[in-house]
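Have a look at the structure below before the remarks.
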Amino acid sequence: MKTLITFIALSFLTPLAEAQKYIPLPLECAYWRIESWGVDPPYTSEYVIRTNGDTLINDLIYVKIVGDNQSCCSCSSPSSAYVAAIRQDTMERKIYVIEKDSIIEKILYDFTQSIGDTVNSVLTKTCGAVIIGDIDSMMISGIYHRRLLFAKDFGCLGYDSGFIEGLGSTTGLLSDLVGFEWGDRLLCAGVNEKTIFPDSSSQCRKLVTYFNSKLILDDFTISLFPNPASNGFFEIKFNKQIRKATMKIHDLLSREIESIYLSNSTGLIIENNNLKNGMFIISIHEQGQGVYYFKLFCQ
């Protein structure tokens, strides 16, 4: 009986021990695509930050972080702006940052913290004191990553926020923790041109941007109420009758959120709780007429 009990105990503890192993942040050819949003126009925009080689500051080696408005996910693409420098201490389970135009090192992430601790990070400077409300793990590329979740009783945080080992923050790598009326949200991240978050099937390098380059026909427009949409509920009206068409809604990772068949329609009401804060793409494939693309903003 003792042998059986020992075996069960060890079987239970082994996964927990595995989960406690620190997962380092990727610092070579890594990128994060981030969506900035707010309550005022233009509502949302996107940018990418990525690692860009080493630099020496105060006799310590740091990794440079640069920002790009358009290019993504290539280690060889030219950088548009230097943003910060970071270094990682895997033994201490901490990541440090030196912000642009500064030589002072600050704590970016501290993964030694526990439930009830005040978050120890420069990213709280806008939000004030933030408390760790829970600790769990999430699966990324088949591996469980430790996650520090923030308490929700802070008005500064408009949605579930937290720090994730091996990834950064739900707001992005370097974005302040705000999210009530404006803020940043991590869309996806990758290493060596391969997406690792939210999952390997997501196309972080090939987001739905084709609506910017394809012709949108002038004879067809839509109106949206409320605008921006709220809580996944909104009404769409067309300026003409759609005889036969399929309307689809995609997120910026090219994932299909909704597909609706239209027949002799001049509008419709949509209620979909999967539409969170951010920008989505509406495509209307009208039989014999082509494809129309529109932006949809939700808050």
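For what it's worth, our numbering labels the leading residue of the sequence shown as 18, then goes sequentially.
The beta-carbon is built from N, C-alpha and C at its ideal position, and this holds for glycine as well.
In this text the structure is predicted, and so the values were computed from the model without any measurement.
- Note that the segment 135–151 touches the segment 186–196; at least 3 beta-carbon pairs, one per stretch, sit closer than 8 Å.
- Taking the Cα positions, Met-108 is about 21 Å away from Leu-73.
- Listed in chain order, the beta strand (DSSP E) runs fully inside the segment 276–315 are 295–303 and 307–315, counting runs of at least 3 residues.
- Contact annotation, Val-114 with Lys-123: C-beta distance approximately 6 Å; criterion of less than 8 Å satisfied.
- If you draw a 10 Å sphere on the C-beta of Ser-280, you find fewer than 16 other C-beta atoms in it, and that means exposed.
- When DSSP states are grouped into helix, strand and coil, Val-65 belongs to the strand group.
- Contact annotation, His-267 with Ile-298: C-beta distance approximately 5 Å; criterion of less than 8 Å satisfied.
- One alpha carbon belongs to Ile-160, the other to Lys-117, and they sit about 33 Å apart.
- Only buried fits Thr-68, as 16 or more other CB atoms lie within 10 angstroms of its CB.
- 8 Å or more divides the Cβ of Ile-274 from the Cβ of Ile-253.
- If you look at Ile-132, you'll find it isn't in any beta strand (DSSP E); DSSP assigns it neither H nor E.
- For Gly-150, the enclosing beta strand (DSSP E) begins and ends at 149–157.
- About 11 Å separates the Cβ atoms of Leu-203 and Phe-180, ruling out a contact at the 8 Å cut-off.
- When DSSP states are grouped into helix, strand and coil, Thr-263 belongs to the strand group.
- Around the C-beta of Tyr-126, 16 or more other C-beta atoms lie within 10 Å, and the residue is accordingly described as buried.
- Using a Cβ distance threshold of 8 Å, Gly-150 and Ile-132 count as a contacting pair.
- Each residue's CA atom was taken as its position, placing Val-208 and Met-155 some 18 Å apart.
- In the structure shown, Thr-212 adopts extended strand secondary structure according to DSSP, grouped into three states.
- When secondary structure is reduced to three states using DSSP, Thr-141 falls in the helix class.
- By DSSP's assignment, Gly-183 forms no beta bridge with any residue.
- Shown here, Thr-72 sits in a strand according to DSSP, grouped into three states.
- In the three-state reduction of the DSSP assignment, Cys-46 falls in the coil class, being assigned neither a helical nor a strand state.
- DSSP places Glu-122 outside both helix and strand once states are collapsed to three, so it counts as coil.
- Collapsing the DSSP output to three states places Phe-250 in a strand.
- Nearest to Val-83 by alpha-carbon distance, out of Phe-242, Gly-70, Leu-42 and Asp-76, is Gly-70.
- In this structure, Asp-85 lies away from Val-100, with their beta-carbon atoms at least 8 Å apart.
- In the three-state DSSP reduction, Glu-273 falls in the strand class (E or B).
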